[in-house]
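Undergrad: Numbering (the working numbering), first residue to last: 20 to 130.
Each residue gets a CB set at the ideal place from its N, CA and C atoms; glycine is no exception.
Input: one structure, supplied below.
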Ligand code: HEC
């Protein structure tokens, strides 16, 4: 695989810019505006607290033409995921777990 990629690179270099990756070198917010904003209004809330690697693999598999842009985008989505300076919002489950009153024990049957 690596050899094929290297060969492809050499061929591209020889042929000039004919097979150029149009996304190369764009900053992530620009990438988002160009390729994602038509469907996703805002980059916020897309990462949903996922690990960067999970995001990266998702983006690479579903959308982006190069691993560089997938990488840049996953970092970007993560950086805008939570509001600036804020802690992640408490989820409904974490609230109910902590604050729910203790349940009464089950009735004991058969006595
Ligand atoms: C043609 C429309 C379209 C484009 C363009 C598009 N997406 Fe999506 N994307 C979707 C749809 C539809 C879903 C599924 C939504 C869902 O499951 O809530 C999705 C899901 C996602 C998810 C998972 C969100 C979740 O709630 O699990 C991420 C992350 C994401 N897109 C990022 C991107 C990025 C980054 C780009 C640009 C490279 C992009 N998308 C471009 C339509 C699009």
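1. When we look at the beta-carbon of residue 91 and count the other beta-carbons within 10 Å, is it buried (16 or more) or exposed?
2. With the cut-off set at 8 Å, would you say residue 61 and residue 82 are in Cβ contact?
3. Buried or exposed: which applies to residue 84, given that a residue is buried once 16 or more other Cβ atoms fall within 10 Å of its Cβ?
4. Exposed or buried, residue 41, counting other C-beta atoms within 10 Å across all chains shown (16 or more means buried)?
5. Under three-state DSSP, which class holds residue 73?
TA: Short version:
1. By one-based count along the chain shown, residue 91 stands at place 72. Buried: at least 16 other Cβ atoms inside 10 Å.
2. As a working mapping, residue 61 is identified with position 42 in the chain shown. As a working mapping, residue 82 is identified with position 63 in the chain shown. It is not a contact, given that the beta carbons lie outside the stated cut-off.
3. Here the question's residue 84 lines up with position 65 in the chain shown. Exposed is the call here.
4. In the chain shown, the residue the question calls residue 41 occupies position 22. By the beta-carbon neighbour count (other beta carbons within 10 angstroms, threshold 16), residue 41 is exposed.
5. Reading the chain shown from its first residue, position 54 is the one you call residue 73. Helix, per DSSP.
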